[in-house]
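In what follows, a structure is listed as structure tokens, so that the remarks can point back to it.
Number of protein chains: 2
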Amino acid sequence: MKHKGNTNPPGRQKIIEALTRLMWTKEFHAVTTAEIAELAGVTEGLIYKYFKSKKELLHQVLNELFTRFNQTVFERVAHKASAIEKLEIVIHSSLEYYAANRVFARILLLEVRNSPDYFSSEAYTRVRAYAAKILEIIQNGIHKGELRPDIDPLIFRKIILGTMEHACLGEIIFTRELDALAVTRHISTILFNGAKA
Amino acid sequence: MKHKGNTNPPGRQKIIEALTRLMWTKEFHAVTTAEIAELAGVTEGLIYKYFKSKKELLHQVLNELFTRFNQTVFERVAHKASAIEKLEIVIHSSLEYYAANRVFARILLLEVRNSPDYFSSEAYTRVRAYAAKILEIIQNGIHKGELRPDIDPLIFRKIILGTMEHACLGEIIFTRELDALAVTRHISTILFNGAKA
DNA sequence: TGTGTGAGTAAGTATTACTCACCAAAACTT
DNA sequence: AAGTTTTGGTGAGTAATACTTACTCACACA
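If you read the protein sequences in the order shown, they are chains A and B. First residue of the first sequence? That's 1 in our numbering, and the numbers climb one at a time after it. First residue of the second sequence? That's 1001 in our numbering, and the numbers climb one at a time after it.
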């Protein structure tokens, strides 16, 4: 029997939820398929009906979480007018979402990027949509004269993405509190005004 | 028999070199202990004489690579006078080293951070020494009036670290060329002068 | 009534990280 | 020099675990 992938049966969703819950306390590799199946209340075999590997399951979990993440961010960005405000909102929303959804952050920042097949997953297309939105804001900001014309938009995007990630990495790894707003303000000051005295 | 760890027998070094070589083409998880042993010309059992797990072996590989990395960076930084120049040298050296040593970069950025025991490894103390040096430069720069007094040194460090990492991440993952100097210049412009027009 | 299909099960198998008992020889002790 | 300990290394296991395969049941619907 072949699964066509256009339905979402209860078993499938239970499996996704089970892995998500287990990753609250354990890293991905430390979670076994047996555990996932047990918590989901299904058999191990069913996992491989819906997902072709344990890793693909992880990617699908990320895909679901990232879909919601993108909705949040895109919707919030639309309310702001200036490029700088938009970027500040992106940073703030992202940090807030990371802080509130640790499993999401851990999967995205720590678990998936080492495997090549992630980059052909659906989850990664979500990431690219997110990144594309940031690039669009930057390019628009340059065009409108809000941002310096001599900055490379692609590199500025990398700076923003890297900054966001690293700004919460320690907090994510060691499960510490994160003051998203305060950190956003500091980042914003440096990135837009520069660190030079 | 107990291994005291203060010697460095040929077998141990061969194992480290074998994993390093294998990771040129494969991600860590795709490398098997059998492969490592075969390439090193030793038996699988010997791996577990010197390393208490496959992961600890990875941490030791990183430790060796990071030790050399730190030597390079520290030595170069010492030659510069101003804080900004020092930071530029840190960024440039790091990017250059990442570009030249892809396995090192992949291990550091993609492979180790998901496991808790990494953070009590010797390799991580090397990372902390590197990070401490950056913090010291920033604090000194603020003290001397080169950098703005209102920036948070810890957050500025995160920005620098995150920026560096993300600036080469795509190139590392997809093994593309990286123009370390050009990227460093762009980063430097934005971080020190700001992106605002 | 019969057939095809989606959802799920149960019992495997194969891989692979890791262990354990043992060995040979170098390096201390006395 | 004899005895003892330590070091570097082997090789045959074992346990765990990701994944497979053959099967069943319910039910839509023609």
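Note that CB positions come from ideal geometry on N, CA and C, so glycine has one too.
Residue i versus residue j - alpha carbon distance
{"i": "Ser1093(B)", "j": "Thr1175(B)", "result": "19 Å"}
{"i": "Glu1167(B)", "j": "Leu154(A)", "result": "Checking the sequence, you will find Ala at residue 1167(B) rather than Glu. Answer to the nearest angstrom: the Cα atoms are 9 Å apart."}
{"i": "Val112(A)", "j": "His59(A)", "result": "7 Å"}
{"i": "Leu1057(B)", "j": "Ser53(A)", "result": "26 Å"}
{"i": "Lys1049(B)", "j": "Tyr1118(B)", "result": "19 Å"}
{"i": "Ile159(A)", "j": "Leu1161(B)", "result": "10 Å"}
{"i": "Leu1039(B)", "j": "Leu46(A)", "result": "38 Å"}
{"i": "Asn1070(B)", "j": "Tyr1130(B)", "result": "7 Å"}
{"i": "Ile1173(B)", "j": "Glu1017(B)", "result": "21 Å"}
{"i": "Arg1185(B)", "j": "Leu1087(B)", "result": "12 Å"}
{"i": "Ala1182(B)", "j": "Gly41(A)", "result": "54 Å"}
{"i": "Ile142(A)", "j": "Glu85(A)", "result": "14 Å"}
{"i": "Ser82(A)", "j": "Thr67(A)", "result": "25 Å"}
{"i": "Val31(A)", "j": "Thr1072(B)", "result": "39 Å"}
{"i": "Arg1012(B)", "j": "Phe1051(B)", "result": "9 Å"}
{"i": "Glu146(A)", "j": "Thr163(A)", "result": "21 Å"}
{"i": "Lys1055(B)", "j": "Lys1196(B)", "result": "44 Å"}
{"i": "Asn1201(B)", "j": "Asp1152(B)", "result": "Residue 1201(B) lies beyond the range of chain B shown here (1001 to 1197); nothing can be said about it."}
{"i": "Asn1114(B)", "j": "Asn101(A)", "result": "16 Å"}
{"i": "Asn8(A)", "j": "Phe74(A)", "result": "25 Å"}
{"i": "Ala1105(B)", "j": "Pro1116(B)", "result": "19 Å"}
Opposing strand residues paired with residue i [DSSP bridges]
{"i": "Lys196(A)", "result": "Leu1147(B)"}
Contact list for residue i against chain B, beta-carbon separation under 8 Å
{"i": "Leu62(A)", "result": "What Leu62(A) touches in chain B: nothing, since even the nearest Cβ is about 14 Å away."}
{"i": "Asp41(A)", "result": "Reading the sequence as shown, one finds Gly at residue 41(A) and not Asp. Simply none; closest approach about 27 Å."}
{"i": "Leu110(A)", "result": "Arg1113, Asn1114"}
{"i": "Thr189(A)", "result": "Asp1150, Ile1151"}
Within chain A, the residues that residue i reaches when beta carbons sit closer than 7 Å
{"i": "Val1183(B)", "result": "Ile155"}
{"i": "Ala1195(B)", "result": "Leu147, Arg148, Ile151, Phe156, Leu191, Phe192"}
Listed by chain order, chain B residues near residue i by CB distance under 7 Å
{"i": "Lys133(A)", "result": "None at all; the shortest Cβ gap to chain B is about 16 Å."}
{"i": "Asp152(A)", "result": "His1186"}
6 Å Cβ shell around residue i - same chain, five flanking residues per side excluded
{"i": "Ala1078(B)", "result": "none"}
{"i": "Leu1110(B)", "result": "none"}
{"i": "Gly5(A)", "result": "Legend: pLDDT at Gly5(A) = 41, less than 50; position of this residue unreliable, value from coordinates given subsequently. Cβ within range, chain order: n/a, list empty."}
{"i": "Leu1178(B)", "result": "Ala1099, Cys1168, Glu1171"}
Proximal residues to residue i (C-beta, below 8 Å), its chain only, five neighbours per side dropped
{"i": "Leu1169(B)", "result": "Leu1109"}
{"i": "Arg157(A)", "result": "Ala131, Ile134, Leu135, Ile138"}
{"i": "Ile1107(B)", "result": "Met1023, Phe1028, Leu1058, Val1061, Leu1062, Leu1065"}
{"i": "Glu1165(B)", "result": "Leu1109"}
{"i": "Ile15(A)", "result": "Ile36, Ala37, Ala40, Val42, Leu46, Ile47, Tyr50, Phe51, Leu57"}
Other residues of its chain near residue i: CB distance less than 7 Å, five sequence neighbours each side excluded
{"i": "Ala180(A)", "result": "His92, Leu95, Glu96, Ala99"}
{"i": "Ile89(A)", "result": "Arg76, Val77, Lys80"}
{"i": "Gly1194(B)", "result": "none"}
{"i": "Val1103(B)", "result": "Thr1020, Met1023, Trp1024"}
{"i": "Glu44(A)", "result": "Thr33, Ala34, Ala37"}
{"i": "Phe28(A)", "result": "Leu58, Glu111"}
{"i": "Lys26(A)", "result": "none"}
{"i": "Pro149(A)", "result": "Ile142"}
{"i": "Ser1120(B)", "result": "none"}
{"i": "Lys1144(B)", "result": "Ala1083"}
{"i": "Pro10(A)", "result": "none"}
Beta-carbon neighbours of residue i, restricted to chain B and to distances below 9 Å
{"i": "Gly162(A)", "result": "Ile1159, Leu1161, Gly1162, Thr1163, Met1164, Glu1165, His1166, Ala1167, Leu1169"}
{"i": "Ile36(A)", "result": "By Cβ distance, chain B contributes nothing, its closest Cβ being about 17 Å from Ile36(A), past 9 Å."}
Proximal chain A residues relative to residue i, where beta-carbon distance stays under 9 Å
{"i": "Phe1028(B)", "result": "Asn114"}
{"i": "Ile1091(B)", "result": "None at all; the shortest Cβ gap to chain A is about 11 Å."}
{"i": "Ile1084(B)", "result": "Ala195, Lys196"}
Residue i Cβ short of 7 Å to the ligand SAH heavy atom set
{"i": "Glu1085(B)", "result": "In the structure shown, the ligand SAH is absent, as is every other ligand, since no ligand is present at all."}
Contact list for residue i against chain A, beta-carbon separation under 8 Å
{"i": "Ile1173(B)", "result": "Arg113, Phe119"}
Pair every Cβ in the stretch 53 to 70 of chain A with every Cβ in the stretch 125 to 137 of chain A, then say whether three or more of these pairs are closer than 8 Å. Between the stretch 53 to 70 of chain A and the stretch 125 to 137 of chain A, the count of Cβ pairs shorter than 8 Å is three or higher; the stretches touch.
For the structure I just gave you, are there three or more beta carbon pairs, one from the stretch 1021 to 1040 of chain B and one from the stretch 181 to 197 of chain A, closer than 8 Å? No contact exists between the stretch 1021 to 1040 of chain B and the stretch 181 to 197 of chain A.
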